[in-house]
Amino acid sequence: MGTITQGIQRSRTQVAIVGAGPAGLSLAHMLARQGIDAVVLERHDESYVRSRVRAGVLEQTTVDLLDDLGLADRLHREALRHNGFYLRFDGQTHQLDFHADTGRNAWVYGQAEVVADLIDGLAARDAPVRFGAADVAVHDIDTDRPSVTYTGADGTRHLVEADFIAGCDGFHGACRAAVADRIRTAERAWPFAWLGILAHSTPVAEEGTYSVHPDGLAVHSMRGPRLSRQYLQVPAGTDPAAWSDAEIWAELRRRGAADDAPEIESGEIIERSLALLRSLVSEPMRVGSLFLLGDAAHIVPPTGAKGLNLAVSDACVLSHALGGFYAERRTDLLDAYSDTALPRIWQAQAFSWNMTSMLHRTDGDGFDWPLRRARLQRIVDSDDDRRAIGHVYLGLPFPTRWRYA
Ligand code: RFL
Ligand code: PHB
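Taking the numbering used here, the leading residue of the sequence shown gets 1309, the next gets one more, and so forth.
Structure (structure tokens):
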């Protein structure tokens, strides 16, 4: 583990990864398979990270990558394989079957499950995540000997010297904050949020359903045969505790009502949370020897389910570039990291923007609902429009392979 000087435990690695979310954990696996040494530092304890309820829909592209890394065995046993999603409006349900168009699928597998598989995979490689790393700070990022300091779960101070730092610690993490004045951010905030619940109840549709109602969106997704994940569009700033369980079920039923489908069955709500909707991209995604990945660099609103998938895509680009550096001392791929990753990120922004503006009530004037209904009807009527959505929903190709050679 290194040496102790002046009360600090010193160690060395090639890549110090901050944050054990999808970006950091998937990057650690891709680097390990290329023989590149890395450590993952995570602020929270392991049980917290394993139980955090967030995303649920994986692109085929992401599942292909997890397959390639040998990390998808449990996913193939337990995930729900979907052909696309349902759009419900005016009391009618329309299946958007992207599988029929493309032969590819979307996979419903909770983010907590993905994260658990990645954590277990690292432990099996004898490269366990360092959980409970408090006070993480990055140093000397304008040199080729950057370092990270932190306080370990047992109170010991650590200094990890590295060649590079991968900032995978999300929007509120230490890495983004360290370079906040050296990156430009393009941002739009939406005036609404998602009140999300996880509940014991029987899913009513075979696939995820976006119920588009003049009063706002209701999303019905699932995590298993009797476990559902549902969201309600609510005004930004809503206190999730202000809604009673009965009010949540009543509103889900009202917005999700259809002539061609049974009513939602209510059940015990076991988790509830509020997710803000933001569209944001920061660039460059590299400052000196610090690289930003995933939510640390960009945020998409959850409509369209792209955030986790983008985090993995960034990891792929950086893994390839680091592979080139360690195999052949190439620096051009690292220099191009931001430019290589950003076009796919902006495609996801465009997709999420389109979905968000189409599916949510925005201002409620006389134009809002008829315009949105016309956009929805176009997707139902036009094979070309449906295919265009399916192509992005199931995942555009990653910008690079994850392995260099
Ligand atoms: P994460 O997952 O936030 O992981 C960051 C990790 O860094 C740790 N951390 C620190 N560690 C050390 N020191 C510090 N100072 C630290 N500060 C933070 C954190 O504890 C955490 O473990 O970022 P990453 O890896 O970039 O992954 C991004 C995704 O988590 C996110 O984009 C998705 O959850 C977004 N998202 C969805 N994405 C999808 O692809 N499909 C979906 O279906 C989907 N649905 C969603 C979503 C996000 C939602 N919310 C909650 C905003 C649904 C919702 C409701
Ligand atoms: C989810 O299952 O959590 C989910 C479904 C659809 C979305 C976002 C999240 O657009």
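Don't be surprised by glycine CBs; every beta carbon is placed ideally from N, CA and C.
Distance between residue j and residue i (C-alpha atoms, nearest Å)
| i | j | result |
| --- | --- | --- |
| residue 1618 | residue 1565 | 33 angstroms |
| residue 1660 | residue 1587 | 8 angstroms |
| residue 1669 | residue 1694 | 22 angstroms |
| residue 1575 | residue 1519 | 19 angstroms |
| residue 1591 | residue 1598 | 13 angstroms |
| residue 1600 | residue 1567 | 47 angstroms |
| residue 1464 | residue 1324 | 18 angstroms |
| residue 1343 | residue 1319 | 18 angstroms |
| residue 1509 | residue 1703 | 29 angstroms |
| residue 1548 | residue 1526 | 15 angstroms |
| residue 1524 | residue 1614 | 21 angstroms |
| residue 1490 | residue 1681 | 42 angstroms |
| residue 1369 | residue 1652 | 13 angstroms |
| residue 1630 | residue 1711 | 9 angstroms |
| residue 1612 | residue 1637 | 38 angstroms |
| residue 1671 | residue 1658 | 21 angstroms |
| residue 1624 | residue 1457 | 26 angstroms |
| residue 1415 | residue 1313 | 49 angstroms |
| residue 1439 | residue 1355 | 10 angstroms |
| residue 1420 | residue 1412 | 23 angstroms |
| residue 1460 | residue 1408 | 50 angstroms |
Short Cβ contact (8 angstroms threshold) for residue i with residue j
| i | j | result |
| --- | --- | --- |
| residue 1371 | residue 1388 | no |
| residue 1326 | residue 1444 | yes |
| residue 1483 | residue 1423 | no |
| residue 1585 | residue 1493 | no |
| residue 1328 | residue 1449 | no |
| residue 1361 | residue 1350 | no |
| residue 1505 | residue 1561 | no |
| residue 1725 | residue 1626 | The chain is shown only over 1309 to 1713; residue 1725 falls outside these bounds and no answer can be derived. |
| residue 1501 | residue 1538 | no |
| residue 1604 | residue 1476 | yes |
| residue 1635 | residue 1610 | no |
| residue 1397 | residue 1684 | yes |
| residue 1466 | residue 1317 | yes |
| residue 1348 | residue 1340 | no |
| residue 1455 | residue 1468 | yes |
| residue 1645 | residue 1406 | no |
| residue 1559 | residue 1540 | yes |
| residue 1593 | residue 1649 | yes |
Check: residue i C-beta below 7 angstroms from any heavy atom of the ligand RFL
| i | result |
| --- | --- |
| residue 1349 | yes |
| residue 1714 | Nothing in the structure corresponds to residue 1714, since the chain is present only between 1309 and 1713. |
| residue 1419 | yes |
| residue 1575 | no |
| residue 1551 | no |
| residue 1604 | yes |
| residue 1631 | no |
| residue 1477 | yes |
| residue 1326 | yes |
| residue 1601 | yes |
| residue 1654 | no |
| residue 1662 | no |
| residue 1589 | no |
| residue 1617 | yes |
| residue 1502 | yes |
| residue 1337 | no |
Proximity test, residue i beta-carbon vs the ligand PHB heavy atom, cut-off 7 angstroms
| i | result |
| --- | --- |
| residue 1537 | yes |
| residue 1363 | yes |
| residue 1401 | no |
| residue 1529 | yes |
| residue 1612 | yes |
| residue 1703 | no |
| residue 1315 | no |
| residue 1532 | no |
| residue 1411 | no |
| residue 1516 | yes |
| residue 1620 | no |
| residue 1371 | no |
Close Cβ partners of residue i (< 6 angstroms) along its chain, the five nearest in sequence each way excluded
| i | result |
| --- | --- |
| residue 1394 | 1401, 1403, 1513, 1515 and 1517 |
| residue 1471 | 1322 |
| residue 1376 | none |
| residue 1688 | 1402 |
| residue 1578 | 1506 |
| residue 1595 | 1487 and 1490 |
Beta-bridge pairing of residue i - partner residues as DSSP gives them
| i | result |
| --- | --- |
| residue 1531 | Answer is none; residue 1531 lacks a bridge partner. |
| residue 1319 | 1468 |
| residue 1421 | The partner list for residue 1421 (beta bridge, DSSP) is empty, contrary to what the question assumes. |
| residue 1667 | In the DSSP output, where bridge partners are listed per residue, residue 1667 has none listed. |
| residue 1400 | 1397 |
| residue 1492 | 1591 |
Check: residue i C-beta below 7 angstroms from any heavy atom of the ligand FMN
| i | result |
| --- | --- |
| residue 1699 | Absence of the ligand FMN from the depicted structure is noted, with the ligand RFL and the ligand PHB being the only ligands included. |
Cβ shell of residue i (< 7 angstroms), same chain only, five flanking positions each side left out
| i | result |
| --- | --- |
| residue 1380 | 1371 and 1374 |
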